[in-house]
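In the numbering used here, the protein residues as written are 6 to 407. The next block holds one structure in the form of structure tokens; read it before the comments.
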């Protein structure tokens with residue numbers, strides 16, 4: 006019992022610190038939403054790597070054509086000319102010909118010694134228009150709102166910035182346990198972004214960087230041999246001591262469902278990549294989730310075991326309750342803050358109860374992911390299996406059409 010109380014005390018302290026971080030996240034979003042900047046609208050190249058048919062792909066890509074931005078081009082890049090996403094792109098180009106921005110399709114070919122997405126990005130940046138001043142990277146499963154491009158680019162008028170970034174927010178389309186749990190699991194990463202620019206990271210599905218900065222730092226060369234475009238870009242900027250500015254208004258929705266198997270594949274892949282590219286982040290996830298699972302679920306097991314013997318333990322009940330309420334309140338604050346910037350609030354309302362009640366399971370899933378990452382560096386990503394040898398070396402094991 007004394008061992009339980011010792012670790013319970015640590016878990017409660019960490020829960021309080023985490024809740025304080027939630028309040029900081031809310032404040033940052035509120036302050037950023039009130040910030041006005043002078044117009045900065047250079048010609049932009051939006052690069053959208055595509056492979057396969059994402060759920061809601063047509064709506065996601067159509068959102069790129071609807072940006073309220075004066076002058077930009079979109080480069081859709083894929084590894085092969087028969088990828089099914091290209092048919093969707095061509096249909097969008099035909100139907101939106103009169104109002105569409107400049108668009109091009111680039112076939113990058115198959116990657117050999119790096120991730121396919123990274124290979125596609127390297128080819129696309131070389132193919133960008135000569136007068137383009139900003140590179141913007143977006144994922145095909147993201148659905149940006151019409152002001153996304155302007156909000157992401159405007160802060161780059163500050164020459165001291167390295168890059169700007171948003172992040173994804175999963176919204177289940179039809180619902181379901183796995184889909185909601187993935188949303189809760191992913192949400193905790195979003196609230197790690199904020200005012201501490203030195204701790205921010207780039208998310209490859211919503212990132213902007215000046216082309217001159219990209220070339221100066223030789224990002225294309227640094228991507229060689231890697232699988233993670235965003236972890237690598239983050240590391241390059243941190244080495245150069247250039248801050249990354251998080252733009253809350255550039256949180257983008259990923260509106261899709263998933264099965265339990267897809268949830269495990271996605272979450273395991275994220276932690277395996279984190280372990281290889283940022284082990285200093287993987288270790289706290291392992292330790293923190295192990296502590297939480299031991300205290301919360303261990304406390305529940307202790308209560309149930311004693312209840313079966315006819316005994317009632319007040320202190321463990323209080324511990325479990327306090328730990329749950331701290332996490333639930335942070336989840337509520339985070340969802341409410343995000344609702345203020347991602348569009349119609351009604352879209353996130355069905356997520357309220359899952360975010361409040363599923364967060365303990367998301368923490369348990371983090372523990373499983375971290376343990377899996379401790380013993381495996383093999384991932385599958387869009388039909389391609391990789392072995393992550395190091396941050397600079399990835400071996401392609403197999404490929405299937407996606």
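Built from N, CA and C at the ideal position, the CB exists for glycine as well. No experiment lies behind these values; they were computed from the predicted model shown.
Query	Result
Is it buried or exposed for residue 351, if we count other Cβ within 10 angstroms and need 16 for buried?	Any reading at residue 351 is ruled out, since the residue's pLDDT is 49, under 50, leaving its predicted position unreliable.
Starting from the Cα of residue 37, find the closest Cα among 174, 338 and 346 and give me that residue.	346
Determine the DSSP secondary structure at residue 50, reduced to helix, strand or coil.	strand
Between which residues of its own chain and residue 355 is the CB-CB distance below 8 Å, once the five residues before and five after are set aside?	177 and 180
Taking three-plus beta-carbon pairs below 8 Å as touching, is the region 232–249 in contact with the region 332–345?	no
So which of 401, 321, 32 and 360 has the shortest CA-CA distance to residue 337?	360
I need the straight-line Cα distance from residue 131 to residue 125, nearest angstrom please.	10 Å
Report, in whole angstroms, the separation of the C-beta atoms of residue 16 and residue 297, which I expect to be a contact under 8 Å.	6 Å
Along the chain, where does the beta strand (DSSP E) that runs through residue 215 open and close?	211–215
Can you tell me whether residue 264 is buried or exposed? The criterion is at least 16 other CB atoms within 10 Å of its CB, across all chains shown.	exposed
State buried or exposed for residue 41, treating a residue as buried only when at least 16 other CB atoms are found within 10 Å of its CB.	exposed
So, are the CB atoms of residue 232 and residue 278 less than 8 Å apart?	yes
Let me know the secondary structure DSSP gives residue 391 once reduced to three states.	strand
Please report the straight-line C-alpha distance between residue 112 and residue 199, rounded to a whole angstrom.	36 Å
Output the residue ranges of the alpha helix (DSSP H) runs that lie fully inside the region 263–303 and measure 4 residues or longer, sorted by chain position.	265–282
Less than 7 Å between C-beta atoms, sequence neighbours within five positions excluded: which residues of the same chain meet that for residue 334?	24
So, with DSSP's three-state summary, where would you put residue 177?	coil
If distances are taken between C-alpha atoms only, which option among 218, 353, 159 and 108 comes closest to residue 77?	108
Could you check what DSSP says for residue 74 in three-state terms: helix, strand or coil?	coil
In its own chain, which residues sit with a C-beta less than 8 Å from the C-beta of residue 186, not counting the 5 before and 5 after it?	268, 359, 363, 366, 367 and 370
Relative to the C-alpha of residue 331, which residue among 6, 157 and 27 is closest?	27
Which of helix, strand or coil does DSSP assign to residue 333?	helix
Identify the continuous beta strand (DSSP E) that holds residue 250 and give its terminal residues.	249–260
Sort out for me which residues DSSP pairs residue 81 with in a bridge.	53 and 110
Find the nearest neighbour of residue 88 within the set 308, 154 and 57, judged by alpha-carbon distance.	57
Decide if residue 405 is buried, meaning its Cβ has at least 16 other Cβ atoms within 10 Å, or exposed.	exposed
Considering only DSSP beta bridges, list what residue 142 is partnered with.	52 and 212
According to the Cβ coordinates, are residue 255 and residue 156 closer than 8 Å?	yes
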